[in-house]
Amino acid sequence: MSVIVRPTVDKLREDVRAAVITAGDPGYAEARTVHNGMIDRFPEVVLRAEQVADVVAGVNFARDAGLELAVRGGGHSAPGFGTSDGGMVIDLSPMRTVYVDPATATARADGGATWGDFNYATHSFGLATTGGIVSTTGVAGLTLGGGIGYLSRRYGLSIDNLRSAQVVTADGRVVTASKDENADLFWALRGGGGNFGVVTSFEFQLHPVDDIYAGIFFYELESTRDLLHFFAEFIPSAPAPYGAFPAFQIAPPLPFVPPDRVGDTFCAAIVHWAGPLDEGEKAMAPFRAIAPVVAEMAGPMPYPALNGAFDALFPKGIRSYWKGSFVGELSDAAIEQHVTHGAQVPEVSATMHLYPINGACHSVAADESAFAYRDATFAQVIVAAWQDPAVDEDRIRWVRDYHAATAPYAEPGGYVNFMAGDDDDKVQDNYREHYQRLAAIKARYDPGNLFHLNQNIRPAA
Ligand SMILES: Cc1cc2nc3c(=O)[nH]c(=O)nc-3n(C[C@H](O)[C@H](O)[C@H](O)COP(=O)(O)OP(=O)(O)OC[C@H]3O[C@@H](n4cnc5c(N)ncnc54)[C@H](O)[C@@H]3O)c2cc1C
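Per my numbering, residue -19 is the first one in the sequence shown, and the count goes up by one each step.
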């Protein structure tokens, strides 16, 4: 009779150069946490990977020890996929170098880099690519789900700019995925989330983006219908340098807000123009014409400054909950639901955003990547973030009620990166006709479903 010998944490400590942290070790309290303060899990071991070899050792260890494996990039997953009760975390946050090659206008980002790291590195060359709207979000998780951001109307989703990825697969191999190598894996990585392995680096195409012109406009709530009708008509066919989305916002105490309006709820437009800077002021004109503007801040700024502009609203440890859906046509009936529920936004860090999925996002064919909603017009997210645990129930209810009220006017699926922990049953809707192909690729690269802390695609039988 053969006896299976499971590797021990002591053996892992001998095998890797990276820090191996268990309960009782200094740093464990921090190492077990993720961005969402509602997630309170106690992994058995956290490996702080510093290089690819650490990741390989970590994957082999988790698999052979039979531990649940959580892979953490930026740690922003709202359901807390970057940590695990009793399992192993491979935390890539020490791996955040971004190497820029100006000759080819490409950048290679390590698997633990944030968009802040990325933009800092590329901006010194006057270059950028599509990332998210907050700088502390991980390049990894955001890109693997698709990647929606300020520049997506101009340059497509983050995945549309991905040229290759280096991946550690469930059997501990290090492979390259690109259009020419492991093309099936490359297809799946572009939208399929963290299902297929640990991505240790991402190679992106960059574009000439230096300073951009940005504007934030607050309008009275009674202008909500005008604002949303404007977005329904203007943004789908607006010139590509425009990135803009509507929002609801409780006014924070910022210099551009009249002091007597701080704390009031507004509907808002967050706009940027990534075209010639001297056209920026003119580009803001349509937004000033929507309705009387109560408060505004507009002007040129470096692209990384825009990317960090909302960071303070989402500090690490803030409690959060969200729900998302794709929207085709923004109908009058849906707008009425936004009028009702958006007005009840409960926190300065709570909002509804409708990100445009149009412009360059639509110039990529539907079957070119795993991202399944190329035909959507918007990605809707309703998010609440708050500090006081006593209001958990109330904040979650606001998100759920708002989401439920708009669901009849939205697509069955949503953006995988905007799914809540209770959205497991939506995975097939989120991937639509791509699900079976993803399941077949999953069976090839991860038949044992080692990478299951994600919007999980089950390996095909
Ligand atoms: C404040 C905030 C703002 C956001 N803004 C945007 C936005 O503008 N646009 C947008 O598209 N999304 C946005 N998101 C959603 C975001 O894209 C997802 O939460 C995403 O999963 C976060 O990636 P991460 O690496 O930070 O998270 P993590 O929690 O580390 O990881 C998320 C998922 O990816 C997997 N993963 C992480 N790293 C790797 C890796 N190296 N290899 C393989 N799998 C990995 C994890 O296992 C997990 O399943 C935002 C989220 C927050 C909290």
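Ideal Cβ positions, reconstructed from N, Cα and C, are used throughout, including at glycine.
| Check | Outcome |
| --- | --- |
| M264 - DSSP class collapsed to helix/strand/coil | helix |
| Rounded C-alpha distance that separates W167 from D140 | 11 angstroms |
| Cβ-based neighbour list, R143, same chain, cut-off 7 angstroms, excluding 5 preceding and 5 following | T86, S158, E183, F184 and Q185 |
| G152 (DSSP reduced to helix, strand or coil) | coil |
| Cβ separation of V274 and F246, assumed to be a contact under 8 angstroms, to the nearest whole Å | 6 angstroms |
| Residues that DSSP places opposite Y222 in a beta bridge | W253 |
| Neighbourhood of D(-5) by C-beta, 7 angstroms cutoff - its chain only, sequence neighbours within 5 removed | A37 |
| Length of the line joining the Cα atoms of V371 and G106 | 44 angstroms |
| D403 versus Y283: straight-line alpha-carbon distance, rounded | 33 angstroms |
| P188, DSSP secondary structure in three states | strand |
| Where the beta strand (DSSP E) containing L27 begins and where it ends | V25 to R28 |
| Rounded Cβ spacing between G121 and H56 (contact assumed at less than 8 angstroms) | 6 angstroms |
| Entirely enclosed beta strand (DSSP E) segments - the stretch 80 to 141, minimum 3 residues | 86 to 90 |
| Those residues which DSSP pairs with R299 across a bridge | W366 |
| Test item: CB-CB of T455 and S73 under 8 angstroms | Nothing about residue 455 can be read from this structure; the chain reaches only from -19 to 441. |
| Enclosing alpha helix (DSSP H) for Y335 [first to last residue] | From DSSP, Y335 is part of no alpha helix (DSSP H) but of the beta strand (DSSP E) over T331 to P336. |
| Heavy atom of ligand 1 within 7 angstroms of A42 beta-carbon | no |
| Residues sharing a beta bridge with E183, DSSP | R88 and S144 |
| Coarse secondary structure for G279, derived from DSSP in three states | strand |
| Cα-Cα separation between A313 and A330, rounded to whole angstroms | 23 angstroms |
| Residues sharing a beta bridge with C247, DSSP | Y199 and F228 |
| G393 beta carbon less than 8 angstroms from that of D405 | no |
| Coarse secondary structure for D381, derived from DSSP in three states | helix |
| Beta-carbon spacing of G62, R52 below 8 angstroms | yes |
| Nearest to R213 (by Cα), restricted to the options Y193, K262, E161 and F358 | Position check: residue 213 holds Glu in this sequence, whereas Arg was assumed. Measuring from the Cα of E213, the nearest candidate turns out to be F358. |
| Among S64, L201 and F98, nearest to E316 - alpha-carbon criterion | L201 |
| Beta-carbon spacing of V251, L293 below 8 angstroms | no |
| Proximity test, A254 beta-carbon vs ligand 1 heavy atom, cut-off 7 angstroms | no |
| Between the CA atoms of T204 and L334 - distance to the nearest angstrom | 13 angstroms |
| Option in H414, F22 and G195 with minimal Cα separation from G7 | F22 |
| C-alpha distance - A350 paired with P280, whole-angstrom precision | 35 angstroms |
| A(-1): first and last residue of the uninterrupted beta strand (DSSP E) it sits in | A(-1) to I1 |
| A220 and A340 closer than 8 angstroms at C-beta | yes |
| Between the CA atoms of E391 and D355 - distance to the nearest angstrom | 10 angstroms |
| Distance between A352 and T2 (C-alpha atoms, nearest Å) | 39 angstroms |
| Rounded separation between A269 and L208 - CA only | 13 angstroms |
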